[in-house]
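Under the numbering used here, the first residue of the sequence shown carries the number 4, and numbering increases by one thereafter.
By construction, the Cβ of each residue, glycine as well, lies at the ideal position given by its N, Cα and C atoms.
All figures in this text were calculated on a predicted structure; none of them were measured in a lab.
Beneath this line is the structure, given in structure tokens, with notes to follow.
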Amino acid sequence: MSAVDDLWRALSRLQLADRELSDVLGEVTRLAAEHVPGAESTSITLVRGDTATTAAHFGDMALAADELQYAQGHGPCLDAGRAGVQLRVDDMRTETRWPDYTARVVDVGVRSSLSTPLPYQGSSIGALNIYSTHPGAFSSDGSVEAAREVAEAVAVAVANADAHARLSQHARNMELAMQSRAVIEQAKGVLMAQRRVDAEGAFDLLRDASQRYNRKLRDIAAGIVASTRDPRG
């Protein structure tokens, strides 16, 4: 069985449900280090707007190399994530594309790297970064293919986490909306009894007070409801 087959089997057992994204990505970086030929240290860079962060890493060398690129504002992991192309560096000592980065990254032990974009909804949200202390560590087709398999798994994990976050936010918004509606209806009932107006008139009073005091309608309603409670209760 090939290294890619072993990797695929490991990734297929990866549990995504009911786990923090950071935990999942941490496990993915470990699997990448174990199964991508040549890998010694790995990381995942997520790019949101102009901000890039290392969401997870396996080994301090990957984190140090990532942070050098963030400080420079460019480098293979950033360029791979932004442009959506896989970038390989066979030897940092002879690489000419990022001279200010490569001159410094050898000091943290990196001699070669492979950065693979993370595909998400037709674009890229970052990169999977794989580092080695040896030159030419990722020159084989097996390394390239395995890195792409891991990048796909990262994209699925991020998509799953984003969908879960959106669902949770939607549920919170629905709950707040229901609470707001309930307190507004209570306040309308109070005003209908106190001012002897119908439901529409009570709502107009709430809306006028909201505009006059520049406060949310729900807050005005909550204040009216609270004023009717017996302070001794």
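Buried or exposed: residue i, going by 16 or more other Cβ atoms within 10 Å of its Cβ?
i: Arg-235; result: Residue confidence is low: Arg-235 scores 49 on pLDDT, short of 50, so the model does not pin down where it sits. Its coordinate-derived value is still stated next. It counts as exposed.
i: Thr-54; result: exposed
i: Thr-105; result: buried
i: Thr-32; result: buried
i: Glu-43; result: buried
i: Lys-219; result: exposed
i: Met-64; result: buried
i: Gln-124; result: exposed
i: Thr-99; result: exposed
i: Thr-45; result: buried
i: Val-39; result: buried
i: His-137; result: exposed
Going by DSSP, which residues form a beta bridge with residue i?
i: Arg-51; result: Thr-54
i: Ser-127; result: Pro-122
Does DSSP put residue i in a helix, in a strand, or in coil?
i: Gly-76; result: coil
i: His-60; result: strand
i: Arg-199; result: coil
i: Arg-91; result: strand
i: Ser-143; result: coil
i: Thr-119; result: strand
i: Thr-231; result: coil
i: Thr-136; result: coil
i: Thr-45; result: strand
i: Glu-23; result: coil
i: Lys-219; result: coil
i: Gly-112; result: coil
i: Val-39; result: coil
i: Arg-96; result: coil
i: Arg-3; result: For residue 3 there is no data in the structure shown, the boundaries of the chain being 4 and 236.
Measuring straight from C-alpha to C-alpha, what distance separates residue i and residue j?
i: Gln-182; j: Ala-156; result: 39 Å
i: Val-159; j: Asp-103; result: 34 Å
i: Glu-203; j: Asn-217; result: 21 Å
i: Ile-223; j: Ala-205; result: 12 Å
i: Val-153; j: Val-113; result: 21 Å
i: Arg-184; j: Lys-191; result: 11 Å
i: Leu-66; j: Met-95; result: 17 Å
i: Ser-25; j: Leu-34; result: 14 Å
i: Arg-215; j: Met-177; result: 27 Å
i: Gln-189; j: Val-228; result: 7 Å
i: Ser-126; j: Leu-208; result: 50 Å
i: Met-4; j: Arg-12; result: Any reading at Met-4 must be qualified, since the residue scores a pLDDT of 45, below 50, and its modelled position is unreliable; the value itself is stated next. Distance between the alpha carbons of Met-4 and Arg-12: 11 Å.
i: Asp-9; j: Glu-148; result: 12 Å
i: Glu-23; j: Arg-210; result: 42 Å
i: Asp-93; j: Thr-57; result: 22 Å
i: Arg-232; j: Leu-179; result: 22 Å
i: Tyr-134; j: Ser-118; result: 9 Å
i: Gln-72; j: Gly-78; result: 5 Å
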